[in-house]
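**Student:** Structure below; questions to follow.
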Amino acid sequence: MPNIRVMLYGYDTKLLKNDSASSIEDLGRRFLESLGTFRQSTNTQGRPIILIGHSLGGLLIKEYCCGMLFLGVPHLGLRNDALQSFVQGQPNEALITSIVVVDDESEPSHFLARISDDFATCFHRETRIVCFYERRQSAKVEMRDGKLSKTGGKVLMVTKKSATSTGVTGVYEDDVIPLEADHSGLVKLESRGQDTYLVMMQKKAEGL
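Note that the working numbering has the sequence shown beginning at 26, numbered continuously upward.
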């Protein structure tokens with residue numbers, strides 16, 4: 026794609042022995058500050074931005090931005106309750122607890138409900154949202170020999186309902202798209218001929 030600058034933004038997602046007590050609000054605020062500082066220093070404030078968020082990164086985007094493409098974002102929670110036992114007593118326990126659900130009947134946490142409400146309030150109707158959701162199951166994480174391993178039972182880590190419940194009503198049916206991938210595979214694009222890549226480029230061409 027010509028005349029486009031591709032950038033990655035990351036933060037510490039280490040589960041075990043994580044000393045950070047940062048919340049999604051903290052991470053989102055730092056992302057917004059970093060983005061603003063970069064655009065000011067490079068004199069690119071007027072350039073349009075396309076934000077692509079995968080999984081928890083989508084919650085970070087949702088907290089502070091509008092106009093987006095969501096890939097397996099757990100708007101109603103992530104189905105991997107075993108994570109809570111791994112982080113018990115650690116500074117990141119509150120963060121993990123706020124995004125994990127036990128089953129399909131569980132209500133989203135106060136945090137997830139709040140950012141959905143806030144997002145719906147500030148959302149601009151002319152801005153388009155596209156939601157992708159996984160159709161292949163992922164192995165749950167379990168502890169083996171003191172290390173985390175993706176060898177547990179398989180589940181749909183983020184259900185269709187969770188991946189598409191952004192808090193905004195009136196999302197076009199054509200913008201709710203299933204992908205033959207597991208949760209982590211949603212963003213692993215192997216070639217420009219891959220279906221995921223082609224669909225994403227088509228949505229961009231349509232004016233996402």
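Every residue gets a Cβ at the ideal spot worked out from N, C-alpha and C, and that includes glycine. Fair warning: this is a prediction, and the values are worked out from it, not measured in the lab.
What's the gap between the Cα of residue 110 and the Cα of residue 104?
**Tutor:** 14 Å
**Student:** Tell me where the beta strand (DSSP E) around residue 201 begins and ends.
**Tutor:** 201-204
**Student:** Of the choices 164, 144 and 215, whose alpha-carbon is the least far from that of residue 191?
**Tutor:** The candidate whose alpha carbon is nearest that of residue 191 is 144.
**Student:** Near residue 181, which residues of its chain fall below 6 Å by C-beta distance, leaving aside the five closest residues on each side in sequence?
**Tutor:** Within the same chain, and ignoring the five residues on either side of residue 181 in sequence, the residues whose Cβ sits closer than 6 Å to its Cβ are 162.
**Student:** DSSP three-state label for residue 228, please.
**Tutor:** helix
**Student:** When the Cα of residue 155 is compared with those of 203, 168 and 178, which residue comes out closest?
**Tutor:** Closest option to residue 155, Cα to Cα, is 203.
**Student:** Could you give the distance in angstroms between the alpha-carbon of residue 15 and the alpha-carbon of residue 168?
**Tutor:** For the chain, the structure presents residues 26 to 233; residue 15 sits outside this window and is missing.
**Student:** Would you mind working out which of 228, 108, 130 and 213 sits nearest residue 39, comparing C-alpha positions?
**Tutor:** 108
**Student:** Could you check what DSSP says for residue 154 in three-state terms: helix, strand or coil?
**Tutor:** strand
**Student:** From what residue to what residue does the alpha helix (DSSP H) around residue 63 run?
**Tutor:** Note, residue 63: alpha helix (DSSP H), 49-66.
**Student:** Measuring only the C-alpha atoms, how far is residue 238 from residue 221?
**Tutor:** Residue 238 lies beyond the range of the chain shown here (26 to 233); nothing can be said about it.
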